[in-house]
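Novice:
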Amino acid sequence: MTSEHVLLTPAEMGRADALAVASGIQSFKLMEAAGNAVAELVAERYPDGQVLILCGPGNNGGDGFVAAKKLKELGREVRVALFGDRERLAGDAAFFADLWNGPIQAARPDGLRGAKVLVDALLGAGLDREIEGGLAELIEAVNGLRVPIVAVDVPSGIDGTSGQVRGVAIKADVSVTFFRLKPGHLLLPGRQQCGEVVLAEIGIPDSVLGDIRPNLNRNNPDLWQLPRLEADGHKFTRGHCVVMSGGPLQTGASRMTATAALRTGAGLVTLAGAHSSLLIQANHVTAIMLKPVDGAASLQLLLHDQRINTVVIGPAAGLGEATKANVLAVLASQVATVLDADALTSFKDSPEALFSAIKARPQRAVVMTPHEGEFERLFGKVDGSKVDRARSAALRSGAIVVLKGSDTVVAAPDGHAVINDNAPAILGTAGSGDVLAGIIAGLLAQGMKGFDAACAGVWIHGETGNLWGGPGLIAEDLPGLIPDVLAELTE
Ligand SMILES: NC(=O)C1=CN([C@@H]2O[C@H](COP(=O)(O)OP(=O)(O)OC[C@H]3O[C@@H](n4cnc5c(N)ncnc54)[C@H](OP(=O)(O)O)[C@@H]3O)[C@@H](O)[C@H]2O)[C@@H](O)CC1
Ligand SMILES: Nc1ncnc2c1ncn2[C@@H]1O[C@H](COP(=O)(O)OP(=O)(O)O)[C@@H](O)[C@H]1O
Ligand SMILES: [K+]
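Per UniProt numbering: the sequence shown = residues 1 to 491.
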């Protein structure tokens, strides 16, 4: 697997830096490469007019001094403004500040006018507290200018680990980061503050990753492999997925789930539920089969059929004891399971009962797909970044956790995680999550491992939204777009 999609926290990036230096690379060379990359981007994208470079008190500011020197060498008019004391600059930052032979003014809100482009080299990986006072005023003034902003590493004020705004943050047009992206470039609201993210090589060898052993990636098709069709296969080798139907007036959600599972390639898909519900379902489905199930005991009996290898329960399943009993019946069997919506919320008062049923069979895949509300009902308030929260929920529950949103995070109990960033906002429409549950189930039915199926499912779901492309999307449109996405992925 390539390491290109690895995400490094600022702390891990610090280790990458230290390991590179320990291997004999001079640290000032890294800073020089970083600053030059910023200067080159500015020169290329914004070729005219004065450049104002705002430098902060640490190494992010050091990158700014390098960029200033380079841009001046390229013939640009450059102005440098420092937030902090010149005397307190240290190490490589002080070295490059000395090499800057132009004036250094104090960075103040009233000294920003006249530039055609602004470089934000105030704070990067060293941000460790809320921004207040004079620096907050400066950042607010910068955001009020109508000038393009290029951020060095991350927009100042964005926490590179969590993507959170620490008090106030620069709103950049482009962010140039180094070696590998950071989680804060992809997690909200950081992603929106970054603008376009450009990655620059600065001479850190990939081999340092062997020591750091990062376990967070940007979701991407390189990370997983879709099931392959075998020439001698048949519908049962492609898996049989059962989707639990909602009540007679709530059949739509499970039907979209079932359709998505079938479109994703499950060999057979059956909607199971009360006879009264299936009479409604029967008006709408053709290739999808129907199986009356009357309570947990009869569901358990159905699952004795060894060919059924995947179950989805949750979409409009109904809240309460009946759904709880059905979930526990499913988890008592060997099938791969997708737990969504009501299947999660039904356990809000007894989450440990759910988690111990999941953990009782650790070798079988269980994927949970909560949105933030469902997540909080099941896991309570959990501290940390979205990645931290998904990881701790996966560890606590024993399930693969897909914490949905526009920056969906998938995490496994062993700590492996991805952040997904291909999903367009048009996916925020009723029933979209039901389709996601079906896509993941369709992949599980075909034998994909839980974490891979979850990551691939989230990606495919995002791409269906991108294929639709514009306004007017409703969830029913999504399953029909899955074949095109799969075709692109298997090209
Ligand atoms: N690692 C690498 O491989 C490479 C890293 N490189 C670059 O180094 C950058 C990291 O540099 P860094 O560690 O010096 O931190 P940086 O972001 O400059 O901030 C530290 C300063 O900010 C201050 N400060 C913090 N929070 C604050 C707040 N809320 N409000 C006010 N002040 C606050 C803090 O002050 P103090 O706590 O001392 O009062 C300290 O002085 C990284 O982003 C990249 O651009 C490149 O050169 C290429 C190689
Ligand atoms: N702004 C957004 N950008 C990208 N994806 C989104 C956005 N809002 C929602 N989604 C995605 O749409 C789906 C919505 O699921 P969910 O909230 O469970 O809705 P429903 O229960 O109606 O199906 C999730 O996969 C989520 O990640
Ligand atoms: K910055």
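Where is the CB? At the ideal position from N, CA and C, for every residue including glycine.
#1: Let me confirm a value: residue 265 is counted as buried when at least 16 other C-beta atoms fall within 10 Å, else exposed. Which label applies?
#2: Residue 37 and residue 204 - do their beta-carbons sit closer together than 8 Å?
#3: Using 10 angstroms around the beta-carbon of residue 471, count the other beta-carbons present and answer buried if the total reaches 16, otherwise exposed.
#4: For residue 358 and residue 294, what's the separation of their Cα atoms in angstroms?
#5: Using only the heavy atoms of ligand 2, determine whether one of them is closer than 7 Å to the beta carbon of residue 185.
#6: Looking at the strands, I want to know which residues DSSP matches up with residue 337.
#7: To which residues does DSSP link residue 291 through a beta bridge?
#8: Using a Cβ-based criterion (distance less than 7 Å to any ligand heavy atom), does residue 154 qualify as near ligand 3?
#9: Please confirm whether residue 160 and residue 10 have their CB atoms less than 8 Å apart.
#10: Can the beta-carbon of residue 309 be found less than 8 Å from the beta-carbon of residue 244?
#11: Can you give, in chain order, each stretch of the alpha helix (DSSP H) that sits fully within the stretch 207-256 and has at least 4 residues?
#12: Put residue 196 into one of helix, strand or coil per three-state DSSP.
#13: Distance, Cα to Cα, residue 116 vs residue 424?
#14: Run through DSSP, which three-state label would residue 414 get?
#15: With a threshold of 7 Å, establish whether the CB of residue 173 neighbours any heavy atom of ligand 3.
#16: So, with DSSP's three-state summary, where would you put residue 120?
#17: Residue 259 to residue 148, Cα distance in whole Å?
#18: Taking only heavy atoms of ligand 1 into account, decide whether any of them is closer than 7 Å to the Cβ of residue 130.
#19: Is the beta carbon of residue 16 within less than 7 Å of some heavy atom of ligand 1?
#20: Below 8 Å, can you find three or more Cβ-Cβ pairs linking the stretch 58-66 to the stretch 225-245?
#21: Would the stretch 159-179 count as touching the stretch 362-380 if we require 3 or more Cβ pairs under 8 Å?
#22: Residue ranges of each beta strand (DSSP E) run of no fewer than 3 residues wholly in the stretch 396-482, ordered along the chain?
#23: Going by DSSP, what residues sit across from residue 177 in a beta bridge?
#24: For residue 6, name the three-state secondary structure that DSSP assigns.
#25: Given the structure, does residue 63 come close to ligand 1, in the sense that its CB is under 7 Å from one of the ligand's heavy atoms?
#26: Pick out the complete beta strand (DSSP E) segments inside the stretch 89-165, 3 residues or longer, and give them in chain order.
#27: Relative to the alpha-carbon of residue 318, which residue among 300, 339 and 333 has its alpha-carbon at the smallest distance?
#28: Count the C-beta pairs between the stretch 187-205 and the stretch 395-402 that are closer than 8 Å, then say yes if the count reaches three, no if not.
#29: Within 10 angstroms of its Cβ, does residue 236 collect 16 or more other Cβ (buried), or is it exposed?
#30: In angstroms, rounded to a whole number, what distance separates the CA positions of residue 129 and residue 22?
#31: Considering only heavy atoms of ligand 2 and the C-beta of each residue, which residues fall inside 5 Å, strictly closer?
#32: Per DSSP, residue 82 is paired with what?
#33: In this structure, does DSSP put residue 519 in helix, strand or coil?
#34: Can the beta-carbon of residue 221 be found less than 8 Å from the beta-carbon of residue 459?
#35: Pick helix, strand or coil for residue 300, following the three-state DSSP scheme.
#36: Residue 112 and residue 141 - do their beta-carbons sit closer together than 8 Å?
Specialist: Well, looking at it:
#1: Counted from its first residue, the sequence shown places residue 265 at position 265. Buried, because 16 or more other Cβ atoms sit within 10 Å of the Cβ of residue 265.
#2: Stepping through the sequence shown from its first residue, residue 204 is reached at position 204. Stepping through the sequence shown from its first residue, residue 37 is reached at position 37. Against a cut-off of 8 Å, the Cβ pair of residue 37 and residue 204 comes out as no contact.
#3: Taking the first residue of the sequence shown as 1, we reach residue 471 at position 471. Result: exposed.
#4: Counting from 1 along the sequence shown, the entry for residue 358 is found at position 358. Counting from 1 along the sequence shown, the entry for residue 294 is found at position 294. Answer to the nearest angstrom: the Cα atoms are 23 Å apart.
#5: The residue labelled residue 185 in the question sits at position 185 within the sequence shown. No - ligand 2 has no heavy atom lying nearer than 7 Å to the Cβ of residue 185.
#6: Numbered from its first residue, the sequence shown carries residue 337 at position 337. Partner(s): 311 and 366.
#7: For this step, residue 291 is matched to residue 291 along the sequence shown. 272.
#8: Residue 154 sits at position 154 when you count from the first residue of the sequence shown. Flag set: Cβ of residue 154 near ligand 3.
#9: In the sequence shown, counting from the first residue as 1, residue 160 sits at position 160. In the sequence shown, counting from the first residue as 1, residue 10 sits at position 10. Yes, the pair counts as a contact, with Cβ atoms nearer than the cut-off.
#10: Against the sequence shown, residue 309 aligns to sequence position 309. Against the sequence shown, residue 244 aligns to sequence position 244. For residue 309 and residue 244, no; Cβs fall outside 8 Å.
#11: 208-212
#12: As a working mapping, residue 196 is identified with position 196 in the sequence shown. Residue state, collapsed to three classes: strand.
#13: Position 116 of the sequence shown holds residue 116. Position 424 of the sequence shown holds residue 424. Their Cα atoms are separated by approximately 32 Å.
#14: By 1-based counting over the sequence shown, the position of residue 414 is 414. Residue state, collapsed to three classes: coil.
#15: In the sequence shown, counting from the first residue as 1, residue 173 sits at position 173. It does not: the Cβ of residue 173 is nowhere closer than 7 Å to a heavy atom of ligand 3.
#16: On the sequence shown, position 120 is the one that residue 120 refers to. In the structure shown, residue 120 sits in a strand (DSSP, three-state: E or B).
#17: Here residue 259 is taken as the residue at index 259 of the sequence shown, counted from 1. Here residue 148 is taken as the residue at index 148 of the sequence shown, counted from 1. C-alpha separation (whole angstroms): 46 Å.
#18: The residue you call residue 130 lines up with position 130 of the sequence shown. It does: the Cβ of residue 130 is within 7 Å (strictly closer) of some heavy atom of ligand 1.
#19: Locating residue 16 in the sequence shown gives position 16, counting from the first residue. Checking every heavy atom of ligand 1 against the Cβ of residue 16, one is found closer than 7 Å.
#20: no
#21: no
#22: 400-403, 409-411 and 417-419
#23: For the purposes of this step, residue 177 is identified with residue 177 of the sequence shown, where counting begins at 1. Its beta-bridge partners are 199.
#24: Reading the sequence shown from its first residue, position 6 is the one you call residue 6. Residue 6: strand per DSSP, three-state reduction.
#25: In the sequence shown, counting from the first residue as 1, residue 63 sits at position 63. Yes, the Cβ of residue 63 comes within 7 Å of a heavy atom of ligand 1.
#26: 104-106, 117-121 and 149-152
#27: Here residue 318 is taken as the residue at index 318 of the sequence shown, counted from 1. Comparing Cα positions, the closest option is 339.
#28: no
#29: Here residue 236 refers to the residue found at position 236 of the sequence shown. So residue 236 ends up on the exposed side.
#30: Position 129 of the sequence shown, counted from the first residue, corresponds to residue 129. Position 22 of the sequence shown, counted from the first residue, corresponds to residue 22. If I take the Cα positions, the gap works out to 29 Å.
#31: 371, 404, 406, 408, 423, 425, 427, 428, 430, 431, 432, 433, 434 and 436
#32: On the sequence shown, residue 82 is found 82 positions in, with the first residue counted as 1. Its beta-bridge partners are 55 and 106.
#33: Beyond the ends of the chain as shown, which are 1 and 491, falls residue 519; an answer cannot be given.
#34: In the sequence shown, residue 221 corresponds to position 221, counting from 1. In the sequence shown, residue 459 corresponds to position 459, counting from 1. It is a contact, given that the beta carbons lie within the stated cut-off.
#35: Position 300 of the sequence shown holds residue 300. Helix, per DSSP.
#36: As a position in the sequence shown, residue 141 is number 141, starting the count at 1. As a position in the sequence shown, residue 112 is number 112, starting the count at 1. Yes, Cβ-Cβ distance for residue 141 and residue 112 is below 8 Å.
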